[in-house]
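Report on the following structure.
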Amino acid sequence: MDSALIPEGARRCPFPVFATGIAVVGAVLLWGVYAMGLCWLKGLNQTNMNDYYGFALWIWADLAVIAIGGGAFFTGLLKYVFGIDELKNIINLAVVIGFICYSSALLILAIDIGQPLRGWFIFWHANVHSMLTEVAFCLSLYFAVLTIEFIPLVLENRQIDKVPFFHNLSHNMHGIMAVFAATGAFLSCFHQGSLGGVAGVLYGRPFAYREGLLVWPWTFFLFTWSAAAYGPCFTLMVTKMFEGITRKKLVKDNVVHLLAKISGWMITTYIIAKIIDTIYWAGVTAPDMGFSLMDFYSGNAFYGIWILFTEIVICGIVPAVILTVKKYRENKKLLLVAICLGVVGVCLNRWVMVLQVMAVPVMSFDTWALYLPSWQEIATTILPVAYGVILISLAYRYLPVFPQEQELYDTNK
Amino acid sequence: MKIDRRSFLGLGLGAAAGVAASPVTWKLTDDSSIWTQNWPWTPVPHDGEVSFDDTVCTLCPGNCGISIRKIDGRAVKIEGKKGYPVNDGGVCLHGLSGLQYLYDPARVHFPMVKNGDTWKQISWDEATTLVAGKIKELRDKGMPDSIACVYGNDKGSIAGLYKRFLMAVGSQNFYTVDSMEKSWEALISRMHGLKASAAFDLANADYLLSFGAGFIEGWGSPVNNFLANSSRKERQAKLVQVEYRLSNTAANADMWVPAKPGTEADLALGICSAMISEKLHDADFVQKSGKAFDNFAKFVSEKYAPESVSRTTGIDVSTIKDIAVQFAKAKTPVAIAGRGRGDSAGSLMEFAAVHALNCLKGNFNKAGGFWTLENQDTLTWPSLEMDDVATKGYAKPPVGLTSVISTASLPKLFETINASEKSPVELMMVYNSNPCFTLHNAKAVKDAVNKIPFVVSFSSCMDDTAQLADVILPSHMFLEMSQDIHSGAGIAKRITALSKAVIAPVFDTKNPGDIIISVAKAVDGSVAASFPWENYDECLESVNGDQWSTLSEEGYIDSELTVPATPLVADFSIFEGFRGFPSIEGDEKSYPLTLVSVDTIRLASGSFASSPFAVKTVEDTVLIQKDSVIEINPETADKVGVSQGDYALVTTPLGEAKVRVNLFHGIMPGVIAMPEGLGHSFGTSSQVVTKGGAGLLSKNGATSIITATGGVSAASGTFENRYIGGKGVNVNELIGPITDPASGLDVAWGIRARISRA
Amino acid sequence: MTQDNHGKAHKFGMVIDLDKCTGCGSCMVACMSENNVPFKEDETNKKDSLTWMTVFKLSNEKNFPETDICYMPRPCMHCGGKGDHGHSPCVSVCPATATDYGYDTGIVSQIYTRCFGCRYCMGACPYHARYFNWWDPKWPDGMEEYLSPDVSPRMRGVVEKCSFCYHRYQEARDRAYYEERRDTIEEGEYQTACTQACPAGAITFGDLHNPEHEVYKLVKPDPHQCGKPRNPKAFRLLERLQTNPKVYYISEREWVRKAGDNYRKGEWGQQKKSDGDKGHK
Ligand SMILES: Nc1nc2c(c(=O)[nH]1)N[C@H]1C(S)=C(S)[C@@H](COP(=O)(O)OP(=O)(O)OC[C@H]3O[C@@H](n4cnc5c(=O)[nH]c(N)nc54)[C@H](O)[C@@H]3O)O[C@H]1N2
Ligand SMILES: Nc1nc2c(c(=O)[nH]1)N[C@H]1C(S)=C(S)[C@@H](COP(=O)(O)OP(=O)(O)OC[C@H]3O[C@@H](n4cnc5c(=O)[nH]c(N)nc54)[C@H](O)[C@@H]3O)O[C@H]1N2
Ligand code: SF4
Ligand code: SF4
Ligand code: SF4
Ligand code: SF4
Ligand code: SF4
Ligand SMILES: [Mo]
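Chains as they are written, first to last, in numbering that gives the first Met the number 0: chain A, 0 to 412; chain B, 0 to 757; chain C, 0 to 280.
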């Protein structure tokens with residue numbers, strides 16, 4: 000039915016099956032859109048956020064998608080700037096994921112603010128001291144870059160490509176993509192960092208606060224680094240998901256292993272930095288503010304020390320070891336375990352850096368603040384997931400996302 | 000068409016520039032944000048000329064001087080009046096919320112008559128004729144003594160008018176609410192033979208020994224006491240608080256003495272005993288009491304030696320002796336009784352026990368001392384005409400007469416009504432009082448009120464009692480009316496003030512003075528003749544006589560306190576034949592715990608219902624959503640098996656209530672405390688039919704605002720006050736009254752109870 | 000702007016005597032009625048209840064009858080931020096400059112019409128002094144009558160907080176200019192609504208740069224230590240975070256002073272000593 004749109008030679012499920020799948024996810028999407036509408040029309044009272052807990056579930060989702068979308072900038076950097084050519088076989092996917100993640104992040108921000116129609120004040124009345132200003136500028140610019148990176152892929156659709164204008168446009172854009180990828184990588188470094196800075200500069204919140212370099216707290220660098228380190232895990236995870244669902248091999252093992260190895264080394268260096276940061280924070284920064292480490296991890300059933308252990312050891316050291324050691328990395332199951340742990344780890348880190356920050360009491364007589372999201376928050380948090388699933392499915396069905404697909408199909412046949 | 004890099008970039012930039020240059024996008028973006036800054040549903044208060052008007056707050060007996068900030072005649076803010084002798088600029092949260100009472104749409108907008116379940120609007124003429132008609136009817140039947148009037152307090156010319164009205168129709172059934180002031184008056188009359196009120200010069204006393212008086216949580220004249228307490232910190236004066244629970248006063252005190260509840264007076268006698276045995280008392284002063292003092296000394300040394308008092312109260316012998324020494328050594332110490340608002344009045348003998356300490360020190364009628372302020376009626380009334388019916392009716396004793404102090408008591412009135420098959424009261428008028436909420440065993444009071452054939456309310460708001468009335472003739476709210484104010488509430492000052500109408504009436508209400516004058520005129524005959532004034536303003540001016548010009552010009556008169564002509568003598572014979580203090584209701588076996596009502600200053604519990612602002616300040620350890628929260632010691636909670644935040648069922652001999660639990664280390668194990676001021680029934684709606692038509696209007700209550708001059712526009716609505724109404728339980732429904740054998744007043748301060756998880 | 004105040008900018012601040020405070024809540028209501036703060040039917044969830052001034056209840060956590068409690072009124076602290084340079088925790092993070100530091104007054108402002116409701120400032124403030132308008136402000140019919148034109152009611156979706164009753168400062172300043180006194184404002188001319196109302200007289204307000212003012216005399220702020228109090232009975236909340244609040248507390252009770260900040264085991268004793276050392280130079 001839609002075969003004319005499908006890349007030449009690619010095998011895709013029958014349209015009704017695809018349509019049904021999309022409809023199901025679409026229903027979830029509509030649910031999210033409804034919740035989003037409620038938040039816009041009735042205001043943020045639709046959420047369970049409160050004055051103690053002003054950042055909530057979806058802000059975590061926002062930070063998390065940006066972190067895992069980090070695969071896009073990092074792969075782009077590796078391919079275009081460092082010239083690691085094999086990665087061209089996975090860069091398309093990384094770009095699509097990046098585009099989804101960043102557009103979702105912008106959408107979440109638009110829902111999250113109390114006065115969406117004034118959102119642009121962040122640019123117009125910009126306060127250069129604010130990390131959030133930096134985030135806003137970098138995020139929107141980088142999203143523009145991602146769009147530019149995404150367009151050529153769209154133009155490669157079989158039908159669009161037939162139009163000479165689009166064909167040429169696509170060709171030309173490919174030609175200059177390195178410039179954008181480099182710009183993107185630069186912007187992305189900054190905004191991943193500034194997102195880390197958002198928490199790190201909060202000197203009224205000893206749990207979040209970090210000392211740093213010039214105006215940037217250590218979390219600035221740690222966030223960029225962790226996004227670069229763990230982002231590829233998510234790219235790989237999505238690849239594996241596609242391969243699982245379509246029961247086809249889509250990316251060659253050497254590409255996967257290469258990216259996994261790079262990710263592994265990045266995680267290794269990151270986790271060392273993170274451990275040093277944690278030790279310095281626990282031993283110097285926090286005590287100066289009157290806190291000992293366990294003040295942050297006790298007195299509350301949920302935020303126990305397990306969370307730090309899980310983040311650093313289980314989701315940090317373990318995947319680092321698996322991904323750096325060739326034997327483990329090339330073991331399919333271990334690889335899968337490692338990339339999943341990596342994704343969980345970076346998401347957990349973002350959780351801790353936004354939500355635990357809100358929960359930890361600061362005044363000596365304050366109590367732990369906990370909150371349970373409302374259904375509207377859950378729906379709007381799932382919204383981008385549904386949107387992502389739909390967009391990536393469309394991309395997979397109609398665009399040549401995996402350049403090696405045909406070749407692999409032929410060899411495996 | 001071939002696109003090269005240059006043209007691609009050109010195209011892209013061109014498109015971007017095009018969009019950027021398009022004014023529509025920018026204009027829309029800008030306009031939409033401007034729109035959010037001017038949302039039509041966010042009110043914009045209009046500006047205008049600023050003016051200030053001074054008056055007196057009458058929400059509680061404190062009577063603070065206040066200043067109203069107005070914009071073009073619209074009241075926007077209440078502030079304390081600097082330099083006013085009661086409060087010097089300070090003002091409590093209830094006074095500050097005055098405008099929320101004033102502009103409350105849930106007020107009674109116009110006279111109304113009950114018609115089954117709905118209220119029907121009537122004109123003032125109809126209302127006055129209706130009430131006067133009923134009164135004439137009863138008088139014609141020769142039963143004027145079946146008319147009764149309940150009035151918040153009996154000070155001032157408006158109270159005077161209502162009292163006069165009852166007398167003129169021929170009834171002694173004039174009731175005021177029992178209060179600690181009454182207990183003190185009864186005691187002073189008994190021990191000093193004076194008709195006087197008690198006053199405490201807290202601002203100058205150097206040692207305050209308080210037996211549960213929450214004197215920084217509302218007791219007496221709140222703001223005045225706050226100031227005294229603050230000055231105490233500077234003067235290094237000591238405060239010792241005897242209380243079973245760490246109240247704000249106890250926390251603020253220098254010493255907290257947690258005597259078991261109900262044993263405070265024992266402790267007082269124990270201290271007396273210690274003072275006497277150490278010869279620390281003022282021998283000269285007590286000597287005038289002669290033999291009676293010797294008997295007292297013997298009695299306390301035998302029955303209330305510190306050792307035995309220590310066992311009853313749980314307080315160390317050394318602490319008792321220390322307090323005795325400190326109290327005796329202090330230059331100007333005062334002992335204060337008047338525990339808890341739950342009782343409103345206190346047992347005469349308990350007061351006597353505490354006052355014995357004052358008598359042992361003889362620190363009377365001087366700076367920093369205990370004052371006996373002789374009742375002086377500054378108002379001069381013209382003579383009263385009583386016809387035959389009136390004379391006969393007035394000769395009959397009031398309903399609910401207590402044998403002991405020969406005044407009618409409000410709790411007794413309702414008890415009598417409930418005990419009779421047919422209510423002895425045919426018509427009851429209620430002004431500035433809400434007995435269906437504030438009296439113990441409130442449910443029974445409601446039953447009694449329901450039994451009265453005709454109930455007339457003069458309330459400005461649809462309170463728990465007005466809801467049960469047959470007709471409401473709504474009074475002004477205090478900011479809308481003039482009246483004379485006379486200090487009391489234990490303050491060692493004599494202030495007469497003029498509270499002025501500072502705001503044009505918001506609804507179609509009247510000054511209660513005018514209401515009763517017009518009712519009297521409509522009753523005709525001798526009753527009308529007794530009310531010769533054209534209106535209340537004329538009455539106010541004339542009864543205030545000489546002091547009127549000062550009052551109207553200065554706003555208040557702060558008179559010098561006068562020392563009684565004859566030196567004060569203390570008669571200790573009150574203790575002769577004394578056999579212990581009244582105990583609370585309920586057997587210890589089935590009710591192992593003690594339930595007491597406690598107050599939070601942030602809730603109004605007598606005098607008025609709390610404003611939305613006040614309720615907003617209430618902590619979540621007092622109210623959670625619609626549930627009252629009880630205070631319980633963690634140790635007791637453990638035994639009962641309840642923990643923080645749990646739902647629990649409190650059961651007393653009177654009933655049960657579902658509440659939530661707050662663990663508090665500061666409350667004595669075995670005691671549970673429940674907040675006062677919650678559980679108003681006016682959260683529910685009743686329909687109103689206006690002259691314009693029927694209808695349940697907006698969710699916040701009635702809508703249209705009636706101008707000062709204009710008539711009633713098509714206003715109809717309900718009287719829902721969702722900000723306090725329907726929240727929590729009224730602790731008075733769980734506690735029953737206890738009649739003090741010595742005074743006849745209701746002196747219950749708690750009840751035995753048990754609790755279980757719910 | 001010309002400063003006639005000893006050549007320095009003002010530094011308005013507040014001193015609250017916790018031993019006098021009775022926890023009555025009048026300051027809360029004074030603030031709400033002065034500043035058009037709305038209310039809703041259920042205000043028992045204290046985490047979404049708009050109270051620019053709020054009164055915390057502290058306890059020494061000891062068992063009966065050793066228990067003690069203390070009420071601590073908390074307006075916005077108008078933090079000077081690290082080094083007292085005006086980079087308050089909240090001001091420094093606001094992306095839209097909707098909250099700003101007034102270098103002439105030391106007051107942290109809040110522009111409701113510019114705030115777009117990102118709530119970053121709320122997260123930054125350790126004192127929970129900032130409140131978000133989760134709902135449209137609504138008054139029962141007719142009650143809008145009492146709204147004051149001096150302070151505009153806030154729309155849904157923006158953050159608000161204590162302003163030190165800035166409109167009262169403006170009024171006092173305008174009067175001073177009008178009377179050709181330029182910027183010389185008498186101590187009594189500019190007082191906040193909560194200070195004025197407090198029935199216990201527990202709150203003192205004035206210029207911390209002016210040695211004549213009561214606030215200065217009460218705490219003796221140390222200019223070399225960003226205004227740290229030299230009165231050993233005075234403290235600022237969370238001093239160690241270097242937020243440099245302009246609200247000071249006084250208490251004779253040691254446990255109360257200790258509760259004013261976080262201390263690790265054994266630190267409090269040393270803290271006290273060093274406090275003493277740094278005291279009167
Ligand atoms: N906020 C506010 N202020 C008011 C009023 C109001 O409604 N609201 N009303 C005014 C009026 S009419 C009055 S009479 C005064 C009353 O003011 P108070 O007499 O102060 O009344 P409460 O605050 O109820 O009680 C004071 C303390 O007595 C303690 N108490 C209760 N039972 C016992 C007991 O058995 N033994 C001992 N030792 N202590 C006990 C309670 O713990 C409480 O802390 O307040 C006036 N001021
Ligand atoms: N639950 C509870 N019961 C108590 C107490 C308690 O603390 N809690 N305390 C006891 C004490 S100390 C006292 S003094 C008594 C008080 O007992 P009451 O005097 O019966 O109590 P209030 O609630 O004071 O009743 C006053 C009523 O007058 C009305 N009102 C208020 N302002 C005005 C006005 O300006 N004009 C007119 N016409 N009406 C007005 C209101 O409807 C209000 O309900 O209660 C005693 N009983
Ligand atoms: S203490 Fe009483 S009189 Fe004074 S302001 Fe408060 S309610 Fe009014
Ligand atoms: S008004 Fe004064 S006494 Fe009351 S809570 Fe506020 S600071 Fe404390
Ligand atoms: S108290 Fe909070 S809101 Fe106020 S200035 Fe400090 S950080 Fe900002
Ligand atoms: S919520 Fe408003 S004031 Fe706060 S940081 Fe965001 S824009 Fe600034
Ligand atoms: S200074 Fe003004 S704005 Fe701040 S808490 Fe006090 S009354 Fe409210
Ligand atoms: Mo009372």
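Backbone N, C-alpha and C define an ideal beta-carbon position, used for all residues, glycine too.
Just so you know, these numbers come straight off a predicted model, no measurement behind them.
Taken atom to atom, the span from the alpha-carbon of Ser276 of chain B to that of Phe164 of chain B is near 54 Å. Proximity of Gln114 of chain A to chain B, defined by a Cβ-Cβ separation below 8 Å, is satisfied. Under the three-state reduction of DSSP output, Arg349 of chain A falls in the helix class. Per the Cβ contact rule, the stretch 254-267 of chain B is in contact with the stretch 299-318 of chain B (3 or more Cβ pairs under 8 Å).
Between the alpha carbons of Ser145 of chain B and Asn431 of chain B lies a distance of about 21 Å. 8 Å or more divides the Cβ of Ala656 of chain B from the Cβ of Leu744 of chain B. One Cα belongs to Asp645 of chain B, the other to Ala757 of chain B, and the distance between them is close to 8 Å.
Shown in chain order are the residues whose CB sits closer than 6 Å to a heavy atom of ligand 7: C:Ala29, C:Cys30, C:Glu33, C:Asn34, C:Trp51, C:Met52, C:Pro74, C:Cys161, C:Ser162, C:Phe163, C:Cys164, C:Thr191, C:Ala192, C:Cys193. A straight line joining the alpha-carbon of Lys161 of chain A with that of Pro13 of chain A spans about 24 Å. Taking 8 Å as the Cβ-Cβ cut-off, the stretch 112-138 of chain A approaches chain B at Gln114, Leu116, Arg117, Trp119, Phe120, given in chain order. Along the length of the stretch 256-313 of chain B, whole alpha helix (DSSP H) runs at least 4 residues long occupy 263-276, 282-286, 290-302, 305-312, reported in chain order. Taken through DSSP and simplified to helix, strand or coil, Gly24 of chain C comes out as coil.
By the rule that beta-carbons nearer than 8 Å mark a contact, Ser103 of chain A does not touch chain C. Assigned with DSSP and collapsed to three states, Thr238 of chain A falls in helix. For Ser193 of chain A, the closest Cβ of chain C is not nearer than 8 Å.
Exclusion of Gly13 of chain B from the 7 Å shell around ligand 6 follows from its C-beta lying no nearer than that to any non-hydrogen atom of the ligand. Taking a 10 Å sphere around the C-beta of Ala258 of chain C, we find 16 or more other C-beta atoms and assign the residue as buried.
Inclusion of His190 of chain A and Leu138 of chain A in the CB contact set at 8 Å is warranted, their separation being smaller than that value.
Bridge pairing for Asn661 of chain B: B:Glu630 [DSSP]. The shortest C-alpha to C-alpha distance from Phe131 of chain C to any of A:Ile58, A:Asp1, A:Gln114 is the one to A:Gln114.
Cys148 of chain B: not part of any alpha helix (DSSP H); member of the beta strand (DSSP E) spanning 146-150, first to last residue.
When Cβ-Cβ separations below 8 Å define contact, Leu201 of chain A makes contact with chain C. By the Cβ-count criterion, Tyr177 of chain C is exposed, with fewer than 16 other Cβ atoms from all chains shown falling within 10 Å of its own Cβ. For Pro222 of chain C, there is no enclosing alpha helix (DSSP H), as DSSP marks it with neither H nor E. DSSP places Cys69 of chain C inside the beta strand (DSSP E), whose first and last residues are 68-73. Burial of Met31 of chain C is indicated by the presence of at least 16 other C-beta atoms within 10 angstroms of its C-beta. Taking 8 Å as the CB threshold, Thr28 of chain B lines the interface with chain A. Listed in chain order, the alpha helix (DSSP H) runs fully inside the stretch 179-209 of chain C are 192-196, counting runs of at least 4 residues.
For the stretch 23-49 of chain A, the set of residues with a beta-carbon nearer than 7 Å to any beta-carbon of chain C comprises Gly42, Leu43, Asn44, Asn49, in chain order. The shortest C-alpha to C-alpha distance from Glu310 of chain A to any of A:Tyr202, A:Tyr279, A:Cys339 is the one to A:Cys339.
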